[in-house]
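Enquirer: What follows is a structure written as structure tokens; I'll ask about it next.
Set out below in structure tokens:
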């Protein structure tokens, strides 16, 4: 059945084209008036010329356009790049507004809602005869946890995001019914003003952002969209299920555990980032707490004007009266002259006291932020945790229900309750991350200092586990001042964790993630470090652990060894007792980025699929409840792709109700910058999880046993091809550094974290996954997302009935279909003609670079041919015409930017002057292409 969103969007596409023309014309007027007629003519000549080349190749015309670019001055190039950058931003806004309008039209006309809507999901549940009790079981076990990270792929300044939000809202006003004369003209004037302001606002950061700026960027999405989007999304979900199951669903959702929570790595991720200090972590949590407390106070103020019930006309419950009396006693010494405010309006009185207590809590937070920690006379008043605040809200709601005000209980009060359940007093669970070798070095020094052993470094894995287990059971005491500076820095983090659990909330800290986990002892080492500050140890009740430690398996080798490592860990007597004290829960993080860089997309995808199955099966055998944490990037080469499809294509039965995944870089902006979009994206993810969670109450269809065998063969062939190119082809890394702007990307002021693990090292192992993918994307190779697939599919298709089997797998196996769909999207953004231009303009060894490029080009053509044969399509992403159309609109505008960038890289690399005039326009071109492709790393 055709998806209604696809059919509506295609049928009304002329409306979108008209909107893009309008915004393009307004931008053209701004360019002409602000940059001059000459710049406008340059932009138009490039725009029209490359559109014509898309329609029909003409080598002479292409050369003339390249010649024009080579003659442009630094100022002309800067203006031209900025014009195209703004165009892409306006197109993105026009499409976003248009797509939301189509969904509203579908709903307004009573049509069948799109796949991924809550209405579609609720009908699916009903068609599968899911009972109300079964629904309650699923909802109680469902937890959707996006984790915001500060990877260096988001280049937008907050001021730019604010202007784009105003442009988005003004563009949406074009669709409003006419309410007054000259309305359309007024909206267009507003758009023109905003575009001109954006033109005159510097989009580039003057300096590399500090971690505190990255924290502020993350908070932007909560303040501007998520506080509105989360309750709205939950409201839509509840109403959809009420339509299918009746009003009983209302209380089911109210009494369930939070369906959606957020995590954050910003201010907690130390791996490779020396700027994330213990003090930065403290401030990150204080800023998160301040943000969420201020939001709650605004809602309380609104409720004071909403719940105006008088004692004359209603009788609050006994529980409410007790809570009100308690608050009056708590606050009596502080309120003084205002002790009798709202004397006959009990709910307003209660809310006033609650707000007073919130202000006192905020006063404490500000004290920690300012370094004063002076909470003054408010020390007896603050809420000590979110549970006390939530209890007050729930008591108030029940009281309203008891005297017949159900509607009032389900308005603003319900919204606030939903917010508190999702965000607590901490906003997002702050994860801590550090690399395993850092812990091992600190533990070795600590064990020597504590006179436990001076041979830990040379001990075998079995011996290490025994040493660590005994140390945890007996406990160790050290003087931190006797440690080296590096080891003190390691253990201070655990002091901060203990402090935040005590002063903010036990839920404030999420996981302690260990990157590059190679051994079981790496997990036990973190537990031992935590024991120094009471986060683990041995008391009268036995071993305990308040830390949730997550091993991160990243490389192909580590993924393959992960079950062996976890099996050894789960069999360890001491660790088994520690798990028991925490409810037999274990989170395991899987890294998509490094595994894809290591062995290619096919090997990475298949290894991750198998590892998930094996880890969950192993955890089950040990009676451990396992949650998988997916370290996905923004692009296909780093595990990215549509969230719903990613969830529904997970191995059947592995989710166990919960999913946790990273949201990185530009993904945050594209998914959460506008409330409408955030509601839609969260809805798509949650419906995907709830659809996958049907396995909790229904049998899961078995995967055809032949398909994993085929996939194993595909992965082996694909990995061989990928490694042959990237590791065994002479000159390949030189080609990468010369034919892409990867070295220049490192100069962008878009992240606090260094681009390479080892500076000056050009090896594949040293380059981080983000710039690896970013560089290939900028030069339109997009190689990490597809290389090796062509040879793998060709080898399989050559077998008897091979192509038919692959076609069946694409139709019937969600994992295989999602993988090929994502690869198609990445290939559509590639362009071998543009990639050839980078090679010809920038590579120094023409013979070697020609050989490498031909290998890449041949594999691309083979992959294209084989994908179309397997998917039985005439063109890439033919099954998603709306996406294809949107990407097609951008390509002719990307082409001149790529030509400009290749020229600028050449000029920049040839310039010997330390004040290189070509750097700034080159960096602008990187931002522009990222905006056009809607991908970075």
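Numbering (the numbering used here), first residue to last: 712 to 1648. For each residue, glycine too, the CB sits at the ideal point set by N, CA and C. Predicted model only: the values in this text are computed from it and were never measured.
(1) Roughly how many angstroms separate the alpha carbons of residue 730 and residue 802, rounded to a whole number?
(2) Who does residue 1225 pair with in a DSSP beta bridge?
(3) Pair every Cβ in the segment 1139-1146 with every Cβ in the segment 1222-1232, then say whether three or more of these pairs are closer than 8 Å.
(4) Determine the direct distance from the alpha carbon of residue 1552 to that of residue 854, and round the result to whole angstroms.
(5) Would residue 1538 and residue 1608 qualify as a contact pair, given that the criterion is a beta-carbon distance under 8 Å?
(6) Label residue 921 either buried or exposed according to how many other C-beta atoms from any shown protein chain fall within 10 Å of its C-beta, with 16 as the threshold for buried.
(7) In its own chain, which residues sit with a C-beta less than 7 Å from the C-beta of residue 714, not counting the 5 before and 5 after it?
(8) Just to confirm, are residue 1217 and residue 1234 a CB contact at a threshold of 8 Å?
(9) On the three-state DSSP scale, how would you describe residue 1371?
(10) Reducing DSSP to helix, strand and coil, say where residue 1459 ends up.
(11) Is it true that the CB of residue 1501 sits closer than 8 Å to the CB of residue 1570?
(12) Spatial neighbours of residue 961 within its chain, please: CB distance less than 8 Å, with the 5 preceding and 5 following residues excluded, ordered by chain position.
(13) For residue 794, I'd like the list of residues in its chain whose CB is within less than 6 Å of its CB, leaving aside the five on either flank, ordered along the chain.
(14) If I follow the unbroken alpha helix (DSSP H) through residue 786, where does it start and stop?
(15) Ends of the beta strand (DSSP E) at residue 1340?
(16) What are the uninterrupted segments assigned as alpha helix (DSSP H) that are 4 or more residues long and contained completely in the segment 939-1017, given in chain order?
(17) Under the DSSP definition of a beta bridge, which residues are partnered with residue 856?
(18) With contact counted as at least three CB pairs below 8 Å, one residue from each stretch, are the segment 1615-1635 and the segment 1565-1580 in contact?
(19) Below 7 Å, is the gap between the Cβ of residue 1480 and the nearest heavy atom of the ligand COA?
(20) For residue 809, is the classification buried or exposed, using 16 other Cβ atoms within 10 angstroms of its Cβ as the cut-off for buried?
(21) Can you tell me which of 1004, 1104, 1024 and 1007 puts its alpha carbon nearest to the alpha carbon of residue 1031?
(22) Which one or two residues does DSSP pair with residue 1296 in a beta bridge?
(23) Around the C-beta of residue 951, are 16 or more other C-beta atoms found within 10 angstroms, so that it is buried, or is it exposed?
(24) Can residue 819 and residue 727 be called in contact, C-beta distance under 8 Å?
(25) Should residue 1333 and residue 1301 be called a contact, given that it needs their Cβ atoms to be closer than 8 Å?
(26) Going by other Cβ atoms of all chains shown within 10 Å of its Cβ, with 16 needed for buried, is residue 1446 buried or exposed?
(27) In angstroms, rounded to a whole number, what distance separates the CA positions of residue 1636 and residue 1611?
(28) Buried or exposed, going by whether 16 or more other CB atoms sit within 10 Å of the CB of residue 1196?
(29) Determine whether the beta carbon atoms of residue 1377 and residue 1209 lie at a separation below 8 Å.
(30) Does the segment 1110-1120 come into contact with the segment 903-913, if we say contact requires no fewer than three beta-carbon pairs (one atom in each stretch) closer than 8 Å?
(31) Entirely within the segment 1516-1554 and at least 4 residues each: give me those alpha helix (DSSP H) ranges in chain order.
(32) At what residues does the beta strand (DSSP E) containing residue 1307 begin and finish?
(33) Would you call the segment 1237-1254 and the segment 1284-1293 touching, i.e. three or more CB-CB distances under 8 Å?
(34) What's the call for residue 1338, buried or exposed, on a 16-neighbour Cβ count within 10 Å?
(35) Hey, residue 1596 and residue 724 are a contact pair by Cβ (cut 8 Å); roughly how many whole angstroms apart?
(36) Please report the straight-line C-alpha distance between residue 1526 and residue 1316, rounded to a whole angstrom.
Expert: Once the coordinates are examined:
(1) The residue labelled residue 730 in the question sits at position 19 within the chain shown. The residue labelled residue 802 in the question sits at position 91 within the chain shown. Straight-line Cα distance between these residues: approximately 9 Å.
(2) To locate residue 1225, count along the chain shown from 1; it is residue 514. Bridge partners of residue 1225: 1145 and 1262.
(3) yes
(4) Against the chain shown, residue 854 aligns to sequence position 143. Against the chain shown, residue 1552 aligns to sequence position 841. Rounded to whole angstroms, residue 854 to residue 1552 spans 50 Å at the Cα level.
(5) Here residue 1538 is taken as the residue at index 827 of the chain shown, counted from 1. Here residue 1608 is taken as the residue at index 897 of the chain shown, counted from 1. Contact: no.
(6) As a working note, residue 921 is residue 210 in the chain shown. The residue is exposed, with fewer than 16 neighbouring Cβ atoms inside 10 Å.
(7) Translated into positions along the chain shown, residue 714 becomes position 3. Cβ neighbours of residue 714 beyond the five flanking positions: 825 and 826.
(8) The sequence position of residue 1217 within the chain shown is 506, counting from 1. The sequence position of residue 1234 within the chain shown is 523, counting from 1. The answer is no: Cβ separation not under 8 Å.
(9) Mapped onto the chain shown, residue 1371 falls at position 660. In the structure shown, residue 1371 sits in a strand (DSSP, three-state: E or B).
(10) Within the chain shown, numbered from 1, the residue matching residue 1459 stands at position 748. Residue 1459 falls in the coil class under three-state DSSP.
(11) As a working mapping, residue 1570 is identified with position 859 in the chain shown. As a working mapping, residue 1501 is identified with position 790 in the chain shown. In this structure, residue 1501 lies closer than 8 Å to residue 1570 by Cβ.
(12) Here residue 961 refers to the residue found at position 250 when the chain shown is read from its first residue. 949, 953 and 1121, listed in sequence order.
(13) Stepping through the chain shown from its first residue, residue 794 is reached at position 83. Hits under 6 Å: 742 and 754.
(14) For the purposes of this step, residue 786 is identified with residue 75 of the chain shown, where counting begins at 1. Note, residue 786: alpha helix (DSSP H), 785-819.
(15) On the chain shown, position 629 is the one that residue 1340 refers to. First-last of the beta strand (DSSP E) with residue 1340: 1336-1342.
(16) 959-966 and 989-1015
(17) Numbered from 1 along the chain shown, position 145 holds the residue referred to as residue 856. Residue 856 is bridged to 1371.
(18) no
(19) Because no ligand of any kind appears in the structure shown, any question about the ligand COA cannot be addressed here.
(20) Against the chain shown, residue 809 aligns to sequence position 98. Classification of residue 809: buried, given that the 10 Å Cβ count is 16 or more.
(21) Mapped onto the chain shown, residue 1031 falls at position 320. Answer by Cα proximity: 1104.
(22) The residue you call residue 1296 lines up with position 585 of the chain shown. 1336, per the DSSP bridge assignment.
(23) Numbered from its first residue, the chain shown carries residue 951 at position 240. Answer is buried; the Cβ neighbour count reaches 16.
(24) Indexing the chain shown from 1 puts residue 819 at position 108. Indexing the chain shown from 1 puts residue 727 at position 16. Cβ atoms of residue 819 and residue 727: not closer than 8 Å.
(25) As a position in the chain shown, residue 1333 is number 622, starting the count at 1. As a position in the chain shown, residue 1301 is number 590, starting the count at 1. The answer is no: Cβ separation not under 8 Å.
(26) In the chain shown, counting from the first residue as 1, residue 1446 sits at position 735. The residue is buried, with at least 16 neighbouring Cβ atoms inside 10 Å.
(27) What you label residue 1636 is simply residue 925 of the chain shown in a count that begins at 1. What you label residue 1611 is simply residue 900 of the chain shown in a count that begins at 1. C-alpha separation (whole angstroms): 8 Å.
(28) Position 485 of the chain shown holds residue 1196. The residue in question, residue 1196, is exposed, as its Cβ has fewer than 16 Cβ neighbours within 10 Å.
(29) Against the chain shown, residue 1377 aligns to sequence position 666. Against the chain shown, residue 1209 aligns to sequence position 498. Contact: no.
(30) no
(31) 1525-1540 and 1543-1553
(32) Position 596 of the chain shown holds residue 1307. First-last for residue 1307: 1304-1310, but that is the alpha helix (DSSP H), not the beta strand (DSSP E).
(33) yes
(34) Against the chain shown, residue 1338 aligns to sequence position 627. Residue 1338 comes out buried.
(35) Mapped onto the chain shown, residue 1596 falls at position 885. Mapped onto the chain shown, residue 724 falls at position 13. Rounded, the Cβ-Cβ distance is 7 Å, consistent with contact.
(36) Locating residue 1526 in the chain shown gives position 815, where the first residue counts as 1. Locating residue 1316 in the chain shown gives position 605, where the first residue counts as 1. Answer to the nearest angstrom: the Cα atoms are 9 Å apart.
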